[in-house]
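Chains as they are written, first to last, in the numbering used here: chain E, 1 to 309; chain B, 1001 to 1309; chain Y, 2001 to 2309; chain F, 3001 to 3309.
These notes are about the structure you will find just below.
4 protein chains.
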Amino acid sequence: MNQLSLHGIVPPVVTPLTEDMQIDAPSLRRVVRHLIDGGVHGLFILGSSSEVVFLDPARRADVIRIAVDEAAGRVPVIAGVIDTSTDRCVEHARQAHELGVDGLVLTAPFYARTSQTEIVDHFCYVRDAVDLPLIAYDIPVCVNIKLERDTLRALYERKAIVALKDSSGDDGNMRMVMRDFASHPDFAVLTGSEITVDYAMLGGAHGAVPGLANVDPAGYVRLYEAAKKGDWVAARAEQQRLIELFEIVFQAYPDVSRNASGVGAFKTAMQMMGIIAHRHMNRPNAVLSDVHAAKVRAIVEKSGLLQAG
Amino acid sequence: MNQLSLHGIVPPVVTPLTEDMQIDAPSLRRVVRHLIDGGVHGLFILGSSSEVVFLDPARRADVIRIAVDEAAGRVPVIAGVIDTSTDRCVEHARQAHELGVDGLVLTAPFYARTSQTEIVDHFCYVRDAVDLPLIAYDIPVCVNIKLERDTLRALYERKAIVALKDSSGDDGNMRMVMRDFASHPDFAVLTGSEITVDYAMLGGAHGAVPGLANVDPAGYVRLYEAAKKGDWVAARAEQQRLIELFEIVFQAYPDVSRNASGVGAFKTAMQMMGIIAHRHMNRPNAVLSDVHAAKVRAIVEKSGLLQAG
Amino acid sequence: MNQLSLHGIVPPVVTPLTEDMQIDAPSLRRVVRHLIDGGVHGLFILGSSSEVVFLDPARRADVIRIAVDEAAGRVPVIAGVIDTSTDRCVEHARQAHELGVDGLVLTAPFYARTSQTEIVDHFCYVRDAVDLPLIAYDIPVCVNIKLERDTLRALYERKAIVALKDSSGDDGNMRMVMRDFASHPDFAVLTGSEITVDYAMLGGAHGAVPGLANVDPAGYVRLYEAAKKGDWVAARAEQQRLIELFEIVFQAYPDVSRNASGVGAFKTAMQMMGIIAHRHMNRPNAVLSDVHAAKVRAIVEKSGLLQAG
Amino acid sequence: MNQLSLHGIVPPVVTPLTEDMQIDAPSLRRVVRHLIDGGVHGLFILGSSSEVVFLDPARRADVIRIAVDEAAGRVPVIAGVIDTSTDRCVEHARQAHELGVDGLVLTAPFYARTSQTEIVDHFCYVRDAVDLPLIAYDIPVCVNIKLERDTLRALYERKAIVALKDSSGDDGNMRMVMRDFASHPDFAVLTGSEITVDYAMLGGAHGAVPGLANVDPAGYVRLYEAAKKGDWVAARAEQQRLIELFEIVFQAYPDVSRNASGVGAFKTAMQMMGIIAHRHMNRPNAVLSDVHAAKVRAIVEKSGLLQAG
């Protein structure tokens, strides 16, 4: 299981859409090249920033096929199998396995409320169904329940997970998790935060899964490499530059939802940079207006990623 | 649109499962007969108590076919089209429409966070896709966002909804909603509570969608009929009897999750009453142990629905 | 202990302030007369709507002295002893006892997080310190913790409380509490809701503690009397009239906080009705602007409590 | 105002109590010496870990007198003026000013809900009343509201605050706050976390206010000094050692509340180290049992702060 050795910058790859809401294959291929050219260490497709829960199995399959083909083995590709229930997750997992991904990312079930024990069972059912490493995804803001420290330990002991993606926003608890796994270096912990990657690396994390890396993969790779070398001054400087860029996610909120403001800003910046054709998201996410887009542009220009227009 | 005229007791029909997790058709037919024999005024299939988010489209179709066939037009059948995103809900809606249901029940999108404006758009997209009346389902404990008073008014004004099922647990806000729609008698408000149905009726609600009505439909029908006649003493007495029965939902918690303890208790009681063959739920919900089941049995016996064993 | 026999309409009496933020004695006396003339069955001074946590011991003593003197034994006066810790509550309780109140109202401690067991101890310490009946006050929105069903039962069994004021907004749980105490008629349950008093009465409550009764005590008394007679149609009609009046609390929100918008609206209406001299609240609550006040006035006029100006 | 120049390790000083619940002056003097001997850069008395909301003005005054006297100007002493309302905070502030503290720490009002605008007014009223620098204290878990980024900026612009103590647990938002104040080096940001002090320092914080520094001040000072020198490897190693020690706070939970388990563990360790006479807290906080205390002891021994008994 541990051959995955997840580490480094593993962006949650945005899902470009055509005007009729299909997967925009040429744009997605450009995204994958943009990220690999930027030096990333893996690709996380079908995550929250990929609008995974808006995609049916056919479009999920399209995303996997394109990403796996374009990545061509240069970096591992891990895929979210995120859905409301165990059976649905198993179906996604089987499809992803057939299509050649290197690992699977799984949250707690959602909508229906489950217990920590039922969450452990959920992961074990998926592990039993598919011979691929599983990464636990802690994202209470979406699934309304926390993967507790004891739950993560139980899952590891039952050989159900090889890594954690922590998008809880609770850096203190994540620190305690890293302490719990300090004597298990085969277990990887990656932060889902865009703005505390240097913190996580200092605390012993193996890497990061920042949505903003869609816009600036090279920046996050520099941050990671500096941290790996122990050059914390350089890591911090890069992080602070990226914090400035991160302001793009707040420009349309509360005119649109947090989700539409955040992922929409990534797509808007990538459209301006010529990477993707369109910036809209799946229904019912509102699209950023031209006024919002202009604010995003000003921030991206200031960061040096775009020439002033 | 208003031909639906939703009112009365409309139980969220539990979904009986075979040992290999398929829809148990004979059991489901018995459930439908049990409910219609109990005098209910409609059937709400594929709701939260039906474990809707655990069911793939094929099994959702099975449930609809069986329920519509067995109901045979005696009462309206409304179906939940509950899922994470607009497109998925539209697919469910089209399938349900083809299979002959009389109305559709829709929540806000979940997992991804949306705004009240995006929720309005979500409902309008589904309305535009299928020519069936839509019922709004307010259940923040599952979808993590409230259908606000202004949102419900906007949806009604845009002719997107004909009714509300309020499972928010916030009877005060539901009272304000009934006030907002007081001059629109074509808009129906039903409570999702098991234990404050007499309250809701006193406040002007058109009916109730109580999960516990799976176990005792006749009791809830008596409650409703008493309330309709203005016999509040009889309505309250029936409600208080049902409150005693409602204690079944707490017997397995916190050994299992709230969902498994609640819906699992309904199934356990129905199994004991000979209505369904098995009491297990979809993975990963834990099944009630024999110890839990014995506690449920004692309460059901006390209510007179079962002979003491 | 049970000589208190709390029941009926027991308004949480607003605290009128002079321009230099002292207790406005003539206004407070007029409030007390206005309420007793309206037929209320008790007075709850120093509650949330009385701005209790903004008042130091000296001003709390002023309120008690004036209210007890003006009530002159015609109705029982109960006083909140609401504060962060046991010792502070004991001090308030001793002062209130000396000044002649008939009962004390106590919440869980707040700011510091406590357990349900520590809450039981808290109540027992106050009970041991002062020979007066204690009323438990469940208001999680202010103290951030719920008085759970088991906690209330434990407090009753330990003879620490004689009643509950339920301001949780969770009418379902309050129903279960009334079920728990059904065979203990000496234990009184009163709702803190303004808009579901008829519900609570139908469910077996002994009365209500509605802030809006400061503005229209006679209306709430009519509601209560109708409910006591079993005239639920009249009770509901009165409740619905009061729901229209309740809209005053929303007029200044979110320009000011919910607290300032709600209690500020009560004070504004009472000022317009000639009962109190000023409408401002304690610092830092914002005062309602003239624009807000005009909106409040329009609603009060529509209810018939004020002549159109 | 900026003469305070708050920085470094500023422990929230625990409040030792005598058996009859008075301030244990000899123990408190030993605590102060223990901390100053440990090299701390300031003392924060009357904070959450000091059980401030359990103390009346007289005991608050005792704490201030003893701490100021024992510190004797060697390090600045800042005092919490934490209470429910503006007027109460002003009273505490005046007393603290008279007794010679160097700065004041203030939260949002609590129990009554306020708006961000009313919070700004609250701070300005206190600033106007007392000529001492104010430190904003963000602790939503206790006061149930967040000090938002815009609020902090408004307070700084109105010259109402000179620093922030961030105990929100939201290290991402704290990072954004540090970004907002990057060009205002006269504004200090300190973390209230025990377990992410190295993170905060890397992000540009000026110091920390860790409750655990009561037990091991020298450890936190080493952490701080290493970070100041840019020796992040040493800072992290010290932090990781302190994370192991931090496990003491979880030993009695959930048998007692989080507050009693956490502060109670600090007191228990300090009692074992001979610094304070008793480990109990103010009512109604439960005292740690001997079983709990033995678990705490084992962890403290492992850290090297106590000889194995």
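Glycine included, C-beta positions come from ideal geometry on N, C-alpha and C.
In this text the structure is predicted, and so the values were computed from the model without any measurement.
Excluding the 5 residues flanking it on each side, residue 2059 (chain Y) has same chain C-beta neighbours closer than 6 Å at 2023, in chain order. Residue 2274 (chain Y) and residue 2017 (chain Y) have their C-alpha atoms some 14 Å from each other. At a beta-carbon threshold of 8 Å, none of the residues of chain F lie near residue 2246 (chain Y); the nearest stands roughly 18 Å away. Along the segment 197 to 222 of chain E, going in chain order, the ones with a CB nearer than 9 Å to a CB of chain F are 198, 199, 200, 202, 203, 204. Under the three-state reduction of DSSP, residue 2010 (chain Y) is assigned to coil, being neither helix nor strand. With a cutoff of 9 Å on beta-carbon distance, residue 2133 (chain Y) and residue 2162 (chain Y) are scored as near each other.
Cα atoms of residue 3123 (chain F) and residue 3106 (chain F): separation of roughly 8 Å, rounded to the nearest angstrom.
At a beta-carbon threshold of 8 Å, the residues of chain F lying near residue 2118 (chain Y) are 3256, 3257, 3260, 3284, 3285, 3286, ordered along the chain. Listed along chain F are 3283, 3284, 3286, each with a C-beta nearer than 8 Å to that of residue 2121 (chain Y).
In this structure, DSSP gives residue 3249 (chain F) a helical state, which the three-state scheme calls helix. Residue 1109 (chain B) is classed as buried because its beta carbon has at least 16 other beta carbons within 10 Å across all chains shown. When C-beta distances to chain F are compared with 7 Å, the residues of the segment 2104 to 2115 of chain Y below that value are 2109, 2110, 2111, 2112, 2113, 2114, 2115, in chain order. Proximity of residue 1233 (chain B) to chain Y, defined by a Cβ-Cβ separation below 9 Å, is satisfied. Identification of chain E residues near residue 3179 (chain F) by a Cβ-Cβ cut-off of 8 Å yields 240, 243, 244, ordered along the chain. Looking at the DSSP output, residue 166 (chain E) shares a beta bridge with E:138, E:191. Between the alpha carbons of residue 252 (chain E) and residue 1301 (chain B) lies a gap of roughly 58 Å.
At least one C-beta of chain Y is nearer than 9 Å to the C-beta of residue 1176 (chain B).
Among the residues of the segment 3079 to 3104 of chain F, those with a Cβ less than 9 Å away from any Cβ of chain Y are 3082, 3083, 3084, 3085, 3086, 3087, 3088, 3090, 3091, in the order of the chain. Chain Y has no Cβ within less than 9 Å of the Cβ of residue 1009 (chain B).
For residue 1236 (chain B), the closest C-alpha among the options Y:2192, Y:2167, Y:2170, Y:2178 is that of Y:2178.
As the crow flies, the alpha-carbon of residue 3136 (chain F) is around 6 Å from that of residue 3165 (chain F). For residue 2050 (chain Y), the closest Cβ of chain B is not nearer than 9 Å. Between residue 1093 (chain B) and residue 1120 (chain B), the CB-CB gap reaches or exceeds 9 Å. Secondary structure at residue 1130 (chain B): coil, using DSSP grouped into helix, strand and coil.
Excluding five sequence positions before and after residue 1265 (chain B), the CB atoms of its chain that fall closer than 6 Å to its own CB belong to 1248, 1249, 1296, given in chain order. Taken in chain order, the whole alpha helix (DSSP H) runs of length 4 or more contained in the segment 199 to 274 of chain E are 217 to 229, 232 to 246, 258 to 272. Leaving aside the five residues that flank residue 57 (chain E) on each side, the residues in its chain whose CB is nearer than 8 Å to its CB run, in chain order, 91, 92, 95. Residue-level contact by beta carbon holds for residue 1195 (chain B) and chain Y, with a gap shorter than 9 Å. Three or more beta-carbon pairs separated by less than 8 Å are not found between the segment 27 to 34 of chain E and the segment 223 to 239 of chain E, which leaves the two stretches without contact. The beta carbon of residue 1298 (chain B) does not come within 9 Å of any beta carbon belonging to chain Y, so the residue lies off that interface. In the three-state scheme derived from DSSP, where H, G and I count as helix and E and B as strand, residue 106 (chain E) is classed as strand. For the segment 2044 to 2071 of chain Y, the set of residues with a beta-carbon nearer than 7 Å to any beta-carbon of chain B is empty. With a threshold of 16 other beta carbon atoms within 10 Å, residue 2098 (chain Y) falls short and is exposed. Residues of the segment 1130 to 1145 of chain B that bring their beta carbon within less than 8 Å of a beta carbon in chain E comprise 1141, 1142, 1143, 1144, in sequence order. Residue 2157 (chain Y) is classed as exposed because its beta carbon has fewer than 16 other beta carbons within 10 Å across all chains shown. When the beta-carbon positions are compared, residue 3287 (chain F) and residue 3260 (chain F) come within less than 9 Å of each other.
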